[in-house]
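Just so we're on the same page, our numbering is the position in the sequence shown counted from 1, plus 15.
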Amino acid sequence: MNLTPINKNVSRALLLTASLMTTIVQAGINLAYDKQTSQSSDVSPTLGRARNAVDGNTDGNWYNNSTTSTRSEQGAWWQVDLGSKKIINQIIIYNRTDCCADRLKSYRVGISNEEYFRTNTYQQDFYVMPNPKTIIRLDAQDKQGRYVRIQLLGKNHLSLAEVQVIGGELCSPKIKNWRFPEVDYSSAHNDFGGTTNAPNYPNMGAFAVLDPDGSITAWGGSNYGGVNPPTGGGYTKIYSAGSAFAALKEDGTIKTWGDPDWGGKKGTPKNNGYVKIASTLSAFSALRVDGTIATWGETYGEGHAPIDNGYIEIYSAGNTFAALKANGTITAWGGSVNAPTDSGYTKIYSNISGFAALKVDGSITAWGDFGAKSKPTPRDSGYIRIYSTDSAFAALKADGTITAWGDLHNGANNAPRDGGYTKIYSTNSAFAALKADGTITVWGDPRNGGSNAPVGSGYTKIYSTDSAFAALKADGSITAWGDPGYGGKGAPKDKGYTKISSTYGTFAALKVNGSITAWGWKGVDGSKNAPLPRDSGYINIYSNQFSFAAVKADGSITAWGNPNYGGKGAPD
Numbered sequence: 016m017n018l019t020p021i022n023k024n025v026s027r028a029l030l031l032t033a034s035l036m037t038t039i040v041q042a043g044i045n046l047a048y049d050k051q052t053s054q055s056s057d058v059s060p061t062l063g064r065a066r067n068a069v070d071g072n073t074d075g076n077w078y079n080n081s082t083t084s085t086r087s088e089q090g091a092w093w094q095v096d097l098g099s100k101k102i103i104n105q106i107i108i109y110n111r112t113d114c115c116a117d118r119l120k121s122y123r124v125g126i127s128n129e130e131y132f133r134t135n136t137y138q139q140d141f142y143v144m145p146n147p148k149t150i151i152r153l154d155a156q157d158k159q160g161r162y163v164r165i166q167l168l169g170k171n172h173l174s175l176a177e178v179q180v181i182g183g184e185l186c187s188p189k190i191k192n193w194r195f196p197e198v199d200y201s202s203a204h205n206d207f208g209g210t211t212n213a214p215n216y217p218n219m220g221a222f223a224v225l226d227p228d229g230s231i232t233a234w235g236g237s238n239y240g241g242v243n244p245p246t247g248g249g250y251t252k253i254y255s256a257g258s259a260f261a262a263l264k265e266d267g268t269i270k271t272w273g274d275p276d277w278g279g280k281k282g283t284p285k286n287n288g289y290v291k292i293a294s295t296l297s298a299f300s301a302l303r304v305d306g307t308i309a310t311w312g313e314t315y316g317e318g319h320a321p322i323d324n325g326y327i328e329i330y331s332a333g334n335t336f337a338a339l340k341a342n343g344t345i346t347a348w349g350g351s352v353n354a355p356t357d358s359g360y361t362k363i364y365s366n367i368s369g370f371a372a373l374k375v376d377g378s379i380t381a382w383g384d385f386g387a388k389s390k391p392t393p394r395d396s397g398y399i400r401i402y403s404t405d406s407a408f409a410a411l412k413a414d415g416t417i418t419a420w421g422d423l424h425n426g427a428n429n430a431p432r433d434g435g436y437t438k439i440y441s442t443n444s445a446f447a448a449l450k451a452d453g454t455i456t457v458w459g460d461p462r463n464g465g466s467n468a469p470v471g472s473g474y475t476k477i478y479s480t481d482s483a484f485a486a487l488k489a490d491g492s493i494t495a496w497g498d499p500g501y502g503g504k505g506a507p508k509d510k511g512y513t514k515i516s517s518t519y520g521t522f523a524a525l526k527v528n529g530s531i532t533a534w535g536w537k538g539v540d541g542s543k544n545a546p547l548p549r550d551s552g553y554i555n556i557y558s559n560q561f562s563f564a565a566v567k568a569d570g571s572i573t574a575w576g577n578p579n580y581g582g583k584g585a586p587d
């Protein structure tokens with residue numbers, strides 16, 4: 016999927032000539048962040064203070080002054096005051112990691128409305144130490160309280176890196192657990208190992224959300240599906256193409272809306288039994304329970320879906336689909352159709368130019384048009400995952416070594432020769448690889464993030480726009496690089512951020528308290544567009560190419576960006 020903004024008429028001509036979480040918004044924020052804390056004793060006047068466990072920093076290293084510590088004593092405890100009675104869904108405990116993790120091998124977690132815990136609304140003992148964290152899931156209807164306490168069952172120091180109390184306000188009948196499409200613009204960039212590896216092309220100019228009753232609300236550009244969604248209820252999932260949406264019902268029937276030529280109407284199957292839907296920029300392909308496939312929309316080249324059955328998964332690349340059978344055989348249709356004829360493949364990865372299929376032994380077969388100046392596919396085996404830019408691939412082995420191939424200008428050249436890498440991220444034309452120690456190596460187009468990576472270690476995840484990267488540390492600090500006009504410059508200098516979302520050229524970072532900071536492309540943040548929200552309490556951010564939509568714990572949505580493409584009109 017090429018996520019560059021393009022005029023649709025121009026893109027049709029280009030394609031003719033040239034060829035990732037379900038995310039249910041759960042009601043909950045970190046109620047403990049920056050709240051008042053106390054502990055049974057302090058091991059030092061300056062280090063190990065109780066407030067370190069609610070500062071938004073999960074770093075478990077004592078020497079970074081990011082953990083708490085009491086003196087060694089019987090029943091040492093730590094607690095947080097949430098300020099008022101709250102519904103508590105989860106308690107997440109982060110342990111010390113530089114040493115002494117076994118100090119937290121037997122402990123009690125309690126919830127009370129009384130500061131001194133004379134009575135409890137919840138109490139449970141645990142005998143497995145967090146390594147490095149433990150998530151305690153609670154029944155929200157029964158677990159209510161103002162104070163949360165963690166207490167050792169024996170004698171020792173109590174040390175905590177961070178405690179997060181996830182929940183919400185009492186008496187919130189207006190809570191809406193909206194469900195956004197299976198892939199949005201941000202998840203395509205950040206969750207699938209390359210935007211083109213996402214199973215769906217994200218909608219470019221509209222939003223659609225699913226209500227808990229199965230009805231659908233949409234807003235944004237009329238040519239992109241921002242108006243006239245299907246009426247009634249019973250829908251379970253929403254899928255997107257570049258200018259259209261497809262909604263799946265419980266019985267496997269499909270309704271579409273948006274650009275009628277690009278998947279929004281013409282050719283939508285009328286029968287039932289479909290279980291999932293994949294998409295390119297301009298077409299959908301739906302998989303039926305019997306393994307048959309229906310395709311509709313603008314499919315270029317050899318645009319007919321296979322007529323046999325037994326398929327288990329559909330993948331997309333540029334203007335092409337590829338389907339995999341249980342025996343590991345592949346059929347492709349649309350543009351790059353020269354799929355391998357042998358069997359034994361387990362998964363297919365993609366970019367704009369073609370596909371790369373992985374076999375059970377870790378060998379790779381790739382097909383498509385990667386340009387005259389391209390590096391060949393590796394011939395060895397042992398690869399476990401493949402990542403992509405628009406026209407290059409990078410494959411990772413179990414030992415953390417990387418091999419890249421494809422377009423020499425877009426990431427096939429200068430991949431690192433050492434090992435130890437755990438994950439790879441990408442812009443449209445550059446890669447960034449992360450090691451277990453949080454160091455980063457980049458290669459590819461230097462203008463789009465292939466040079467000037469941050470030095471040092473401790474980074475935990477990397478996010479991208481089309482032309483820039485932003486890396487997040489455990490303390491919530493952010494470093495950005497790449498094209499300065501598309502998010503490579505202007506990242507916030509403070510800490511406490513927990514996740515980052517992105518459009519084509521803008522980043523939006525979410526803080527522990529639910530406030531948002533954005534930087535990058537003026538196409539989203541320009542003076543004529545809906546402004547960034549200045550309040551807090553947001554728990555998730557979604558995006559299309561031109562706009563963002565942020566959701567609070569009570570289900571309220573605030574949109575900003577281009578008002579013609581979803582920057583305004585979000586449901587109340």
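By construction, the Cβ of each residue, glycine as well, lies at the ideal position given by its N, Cα and C atoms.
These figures come from a predicted structure and were not determined experimentally.
Distance between beta carbons of residue j and residue i, contact taken as under 8 Å
i    : j    : result
G491 : Y512 : 4 Å
N79  : L62  : Actually they do not touch by this definition, with Cβ atoms about 10 Å apart.
G235 : A221 : 3 Å
N366 : D405 : 6 Å
A585 : A564 : 6 Å
P469 : T437 : Actually they are not in contact, since the Cβ atoms of P469 and T437 sit about 17 Å apart, beyond 8 Å.
S562 : S517 : Contact doesn't hold; Cβ gap of about 12 Å is too wide.
A448 : G459 : Incorrect: roughly 11 Å between the Cβ atoms, too far for contact.
G582 : A545 : 4 Å
A347 : G325 : The pair is not a contact, with the Cβ atoms about 16 Å apart (cut-off 8 Å).
A223 : G240 : 6 Å
Close-in-space but distant-in-sequence residues of the same chain around residue i (CB under 8 Å, 5 per side omitted)
i    : result
D276 : S297, G312 and E313
P284 : I269, A301, A309 and W311
W534 : A495, G502, K504, G505, A506, P507, T521, F522 and D540
I181 : G43, I44, N45, L46, I103, N104, Q105, I106 and I107
Extent of the continuous beta strand (DSSP E) to which residue i belongs
i    : result
N205 : It is not in any beta strand (DSSP E) - N205 instead sits in the alpha helix (DSSP H) that spans Y200 to N205.
T251 : Y250 to S255
A298 : A298 to R303
D96  : W92 to Y109
R164 : Q159 to L167
K291 : Y289 to S294
W420 : I417 to D422
V124 : Y122 to S127
S53  : Q51 to Q54
F132 : No beta strand (DSSP E) holds F132; DSSP gives it neither H nor E.
G9   : A query on residue 9 cannot be resolved here, the shown segment of the chain reaching from 16 to 587 and no further.
W77  : Element bounds for W77: n/a, residue is neither H nor E.
S403 : Y398 to S403
D140 : Y137 to F141
Y436 : Y436 to S441
R152 : K148 to R152
Neighbourhood of residue i by C-beta, 7 Å cutoff - its chain only, sequence neighbours within 5 removed
i    : result
D587 : none
G248 : D228, G229 and S230
V198 : L35, A213, P214, N215, P217 and S255
M144 : N110, A116, D117, L119 and K120
V566 : V40, W193, Y553, I554, N555 and I572
G209 : N366, Y402, S403, T404 and S441
G359 : G343, K374 and V375
Same chain, Cβ closer than 6 Å to residue i, neighbours up to 5 away in sequence not counted
i    : result
W536 : Y501, G520 and T521
N353 : W382
S26  : Model confidence at S26 stands at a pLDDT of 38, short of 50, so the residue's coordinates are unreliable; what they give is reported in the following sentence. Excluding residues within five positions, none has a Cβ falling inside 6 Å.
G503 : A483, A495, W496 and G497
K291 : L302
Q156 : The predicted model places Q156 with a pLDDT of 49, which falls under 50 and marks its position as unreliable, so this point remains unresolved.
S187 : Since pLDDT at S187 reaches only 48, below the 50 mark, its modelled position is unreliable, and the value read off the structure follows with that caveat. So the qualifying residues of the chain are D569.
G282 : W311
Residue i Cβ short of 7 Å to the ligand SAH heavy atom set
i    : result
K120 : No copy of the ligand SAH occurs in the structure displayed, which carries no ligand at all.
Legend entry - Every unbroken alpha helix (DSSP H) within the region 512-570, with a cutoff of 4 residues, ordered by chain: 537-540
Inset, instruction - Determine contact between the region 485-504 and the region 450-468, defined as no fewer than three beta-carbon pairs at a distance below 8 Å. - result: Using a C-beta cut-off of 8 Å, the region 485-504 makes contact with the region 450-468, since at least three inter-stretch Cβ pairs fall below that distance.
Inset, instruction - Pick out the complete beta strand (DSSP E) segments inside the region 448-498, 3 residues or longer, and give them in chain order. - result: 455-459, 474-479, 483-488 and 493-497
Inset, instruction - Pair every Cβ in the region 53-60 with every Cβ in the region 88-108, then say whether three or more of these pairs are closer than 8 Å. - result: yes
Inset, instruction - Spell out a yes or no on whether the region 160-180 and the region 194-209 are touching, meaning 3 or more CB-CB pairs, one atom from each, closer than 8 Å. - result: no
Legend entry - the region 393-410 touching the region 360-378, judged by at least three CB pairs closer than 8 Å: The count of Cβ pairs closer than 8 Å, one atom from the region 393-410 and one from the region 360-378, reaches three, so the stretches are in contact.
Legend entry - the region 98-113 / the region 140-151 touching (three or more Cβ pairs under 8 Å): yes
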